[in-house]
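Asks:
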Amino acid sequence: MIDLKDLSQNLDEILNYEPSDAPVISLYLGVDAARITKQEYTTVLNSIITSEKAKLEASSIYKASQKKGIYEMMDAIKVYINDYFRPESAKTILLFAKEGKISSIVRLPFNLKSKIIIDPKPHTQILRAILGSITKYGILVIDREKAQIILMSMGEIKQYLDAFISEVPPKVNYRSQLAFKEKNLLSRIEEKLHHFFKIINEKTLIHLREGKFDNIILAGRKDIVSQFSNYLHSFIQQKNIGNIAGEPSDLPHVIRDRAKELIDRHELSLKNKIIGQLIDNYCPQELGVLGVQAAIGALMLEQVRTLIYNNEFSAPGYVCSECGYITLDKEDPCPYCSHHLTFYNDITGEIVETAIKQGCEIVDAQSNERLAENGNIGAILRFKIEAV
156 MIDLKDLSQN LDEILNYEPS DAPVISLYLG VDAARITKQE YTTVLNSIIT
206 SEKAKLEASS IYKASQKKGI YEMMDAIKVY INDYFRPESA KTILLFAKEG
256 KISSIVRLPF NLKSKIIIDP KPHTQILRAI LGSITKYGIL VIDREKAQII
306 LMSMGEIKQY LDAFISEVPP KVNYRSQLAF KEKNLLSRIE EKLHHFFKII
356 NEKTLIHLRE GKFDNIILAG RKDIVSQFSN YLHSFIQQKN IGNIAGEPSD
406 LPHVIRDRAK ELIDRHELSL KNKIIGQLID NYCPQELGVL GVQAAIGALM
456 LEQVRTLIYN NEFSAPGYVC SECGYITLDK EDPCPYCSHH LTFYNDITGE
506 IVETAIKQGC EIVDAQSNER LAENGNIGAI LRFKIEAV
C-alpha cells in the first residue's frame, strides 16, 4: 500500500501507464470517518462490486480468463478493506489493482463518489487534478552546522529536497586561545556562518522559484532562526507562514507533527478568509452563490471558480450517470440527455467530483459557522450571467 507520502516512488508509473491486455481496477471509496462508519463503507464496497460483477457477466468485452482475474482482484480488495485498511485522515481512497493484486492506494483529501472503473489503464483524471492543486510546503530545518529542506504536503513528508553542511565549528573553547587571537578567530567563525546562511538562502530561493514548494516553514532554535531570518530573500519572506522548533537531527515524524499544527492553523485561517470574502464581497456582486440549489445550478453552467463546503454538508439528490446532470428534485428522464436519473442519499461526492473535473478550486471547510448559516455550501463564480 502507498499513500501520497510514498506516491513519488511510483507516481510516474501510475500516470504514464501504458495500456495492455491486463485490465486495471480503479476503485474510489469514500472512507471519511466524520461521515461514514467502517460497516457502511464496506457495505458500499460490496454493493458496487456486486453491481460491477453483474455488468461484467453480461459483457463480451473481456475473455473468460480476464473476467476470472478481475473477480479475484475484487475479492482481494474486499479482504484488504475489511481486514487491513485504516482510513486515518483520508476522505476518499483511490485504489489500483492489476495483474491479480493491489498495486497502490492513494489517500485523497476530498469526499468523492464511490465507484469502480475497469479499463486497460488506471483512472487518473481526478488524481491529476488533485495533485495539481495541492499546496506544497518546504520545511527548512537549520542550525549552525547543518540544514535540510523537507517537502511536505497532505500532512505527510514526501521527500528531502536538499541538505547542507557547514564548516562552522559547533563549539569554541575561547579559554584555550590566546587573548590577541580570540577576536580574529571569532571573526572567521562569523564569516563562515555568514557564508553558510547565504548559501542556504540562495538554494532555498531556487527551489521556491522552481515550484518545488509553495510556502515555507523555518524550523530551528529561536536564536538561530532569528539570525537566519536576516538573510532571507524578500520572496522567501512572503512565502514564510511561520516558524517551529526543530533540529536537523530530529526524527521526521517530530518535524512533521510540529509543521502540521502550523499548517492546519494557516489553512484554517485561509479557508475562513475565503468564506468571508464569498459572503461579504462576491455574493453582493453576484459573483458568488450560497446554498446547495444555487451551487449546483452554477456548477451545471460551469460558472464555478471555487467550490466551498463544510464537512457537515450533506444533501440527497439525483444524478444522471450518462451526462453528469445533478439536481435536488426528481426529474425523469434527464432534461439534457433523456437518460434515467439515479437517487443518492448524499450527492456531496458527485458535486465535488464534478467541480474537480471542471478545474475548480475546492475548499473543504471545518465547521465554519457563517457557511453553516448559509446552507453549508457555496461557490465563487468565474463570471455572472446577465439577466435578459
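Position 174 of the sequence shown, counting from 1, maps to 329 under my numbering, and the rest follow consecutively.
For glycine and all other residues, C-beta sits at the position ideal for the given N, C-alpha and C.
Keep in mind the model is a prediction, meaning the values are calculated, not measured.
1. Excluding the 5 residues preceding and the 5 following M229 in the sequence, name in chain order all residues of the same chain whose CB lies nearer than 6 angstroms to its CB.
2. In its own chain, which residues sit with a C-beta less than 8 angstroms from the C-beta of E212, not counting the 5 before and 5 after it?
3. Could you tell me whether the segment 303 to 322 touches the segment 362 to 370, where touching means 3 or more Cβ pairs closer than 8 angstroms?
4. Can you say whether C138 is buried or exposed, counting buried as having 16 or more other CB atoms within 10 angstroms of its CB?
5. Unbroken beta strand (DSSP E) runs of length 3 or more, entirely within the segment 448 to 509: which are they?
6. With a 10 Å radius around its C-beta and 16 neighbouring C-beta atoms as the bar for buried, classify S163 as buried or exposed.
7. Measure the beta-carbon distance from S522 to N436 and round it to whole angstroms, keeping in mind my assumption that it falls under 8 angstroms.
8. Does the beta-carbon of F251 have 16 or more other beta-carbons within 10 angstroms, so that it is buried, or is it exposed?
9. What does the alpha-carbon distance come out to for the pair K256 and I511?
10. Compute the Euclidean distance between the alpha carbons of Y473 and L249, then round it to the nearest angstrom.
11. DSSP beta-bridge partners for V444?
12. Between which two residues does the beta strand (DSSP E) carrying K276 extend?
13. Which complete beta strand (DSSP E) runs does the segment 266 to 314 hold, if anything under 3 residues is left out?
14. Using 10 angstroms around the beta-carbon of E508, count the other beta-carbons present and answer buried if the total reaches 16, otherwise exposed.
15. Whole angstroms is fine: what's the gap from K347's alpha carbon to E357's?
16. Quick one: give me the first and last residue of the alpha helix (DSSP H) that L211 is part of.
17. Nearest to N500 by CA position, among S269, F538, R376 and L454, is which residue?
18. Nearest to L433 by CA position, among T197, M307, G310 and V459, is which residue?
19. What's the call for V234, buried or exposed, on a 16-neighbour Cβ count within 10 Å?
20. Out of A520, F538, E173 and L200, which has the shortest C-alpha to C-alpha gap to G530?
21. Shortest alpha-carbon distance to D554 belongs to which of G224, V199 and L360?
22. To the nearest angstrom, report how far apart R225 and K210 are at their CA atoms.
23. In chain order, which continuous runs of the alpha helix (DSSP H) of length 4 or greater are located wholly inside the segment 373 to 431?
24. May I have a chain-ordered list of the beta strand (DSSP E) segments no shorter than 3 residues that lie completely inside the segment 226 to 271?
25. Alpha carbons only, please: which of I216, R190, L263 and V179 is nearest the one belonging to E227?
26. Let's test the definition: count the other Cβ atoms within 10 Å of the Cβ of A334 and tell me whether it reaches 16, buried, or not, exposed.
27. With I312 and R411 assumed to form a contact (beta carbons below 8 angstroms), what rounded beta-carbon distance in angstroms separates them?
28. From the DSSP output, read off the bridge partner residues of I180.
29. Given 8 angstroms as the limit, is there contact between the segment 491 to 499 and the segment 414 to 422, that is, 3 or more CB pairs closer than that?
30. Could you please give the first and the last residue of the uninterrupted alpha helix (DSSP H) stretch that includes A550?
31. Let me confirm a value: G431 is counted as buried when at least 16 other C-beta atoms fall within 10 Å, else exposed. Which label applies?
32. Starting from D187, trace the beta strand (DSSP E) both ways and give me its first and last residue.
Replies: Judging by the given coordinates:
1. Your numbering for residue 229 matches position 74 in the sequence shown. Hits under 6 angstroms: I204.
2. Residue numbering aside, residue 212 sits at position 57 when the sequence shown is read from its first letter. Contacts found: K222.
3. yes
4. Residue 138 lies beyond the residue range present for the chain, which begins at 156 and ends at 543; the question has no answer from this structure.
5. 459 to 465, 472 to 475 and 496 to 499
6. The sequence position of residue 163 within the sequence shown is 8, counting from 1. Caution is warranted here: a pLDDT of 41 is assigned to S163, below 50, making its placement in the model unreliable, and no coordinate value can be reported.
7. Within the sequence shown, numbered from 1, the residue matching residue 522 stands at position 367. Within the sequence shown, numbered from 1, the residue matching residue 436 stands at position 281. The pair is not a contact, with the Cβ atoms about 22 angstroms apart (cut-off 8 angstroms).
8. Within the sequence shown, numbered from 1, the residue matching residue 251 stands at position 96. F251 should be labelled buried.
9. Along the sequence shown, read from residue 1 onward, the residue named residue 256 stands at position 101. Along the sequence shown, read from residue 1 onward, the residue named residue 511 stands at position 356. So the alpha carbons of these two residues sit roughly 29 angstroms apart.
10. On the sequence shown, residue 473 is found 318 positions in, with the first residue counted as 1. On the sequence shown, residue 249 is found 94 positions in, with the first residue counted as 1. The alpha-carbon atoms of Y473 and L249 are separated by roughly 24 angstroms.
11. The residue you call residue 444 lines up with position 289 of the sequence shown. A534, per the DSSP bridge assignment.
12. On the sequence shown, position 121 is the one that residue 276 refers to. Careful: K276 lies outside any beta strand (DSSP E) and carries neither H nor E.
13. 270 to 274, 292 to 297 and 301 to 308
14. Along the sequence shown, one-based indexing puts residue 508 at 353. Counting Cβ neighbours within 10 Å, E508 comes out buried, since at least 16 surround it.
15. Translated into the one-based positions of the sequence shown, residue 347 becomes position 192. Translated into the one-based positions of the sequence shown, residue 357 becomes position 202. About 15 angstroms.
16. Here residue 211 corresponds to residue number 56 of the sequence shown, with the count starting at 1. Element bounds for L211: K193 to A213.
17. By 1-based counting over the sequence shown, the position of residue 500 is 345. When each option's Cα is compared against that of N500, the closest is S269.
18. Counting from one through the sequence shown, the residue named residue 433 turns up at place 278. Answer by Cα proximity: V459.
19. For this step, residue 234 is matched to residue 79 along the sequence shown. Exposed.
20. Your numbering for residue 530 matches position 375 in the sequence shown. With distances taken between Cα atoms, G530 lies closest to A520.
21. Outside the displayed span of the chain (156 to 543) sits residue 554, for which this structure offers no information.
22. Locating residue 225 in the sequence shown gives position 70, where the first residue counts as 1. Locating residue 210 in the sequence shown gives position 55, where the first residue counts as 1. According to the sequence as given, residue 225 is Ile; it is not Arg. Approximately 12 angstroms between the Cα atoms of the pair.
23. 377 to 384 and 389 to 394
24. 247 to 253 and 256 to 263
25. Taking the sequence shown and counting its residues from 1, the one referred to as residue 227 is at position 72. Ranking I216, R190, L263 and V179 by Cα distance to E227 puts V179 first.
26. Position 179 of the sequence shown, counting from 1, holds the residue named residue 334. Because A334 sits at a pLDDT of 49, beneath the cut-off of 50, its placement in the model cannot be relied upon, and the following sentence gives the value as read from the coordinates. It is exposed - the Cβ of A334 has fewer than 16 other Cβ atoms within 10 Å.
27. Here residue 312 refers to the residue found at position 157 of the sequence shown. Here residue 411 refers to the residue found at position 256 of the sequence shown. With 8 angstroms as the limit, I312 and R411 qualify as a contact, their Cβ atoms being about 5 angstroms apart.
28. Reading the sequence shown from its first residue, position 25 is the one you call residue 180. Answer is A252 and I273, bridged to I180.
29. no
30. Beyond the ends of the chain as shown, which are 156 and 543, falls residue 550; an answer cannot be given.
31. Mapped onto the sequence shown, residue 431 falls at position 276. So G431 ends up on the exposed side.
32. Against the sequence shown, residue 187 aligns to sequence position 32. No beta strand (DSSP E) contains D187, which DSSP labels as neither H nor E.
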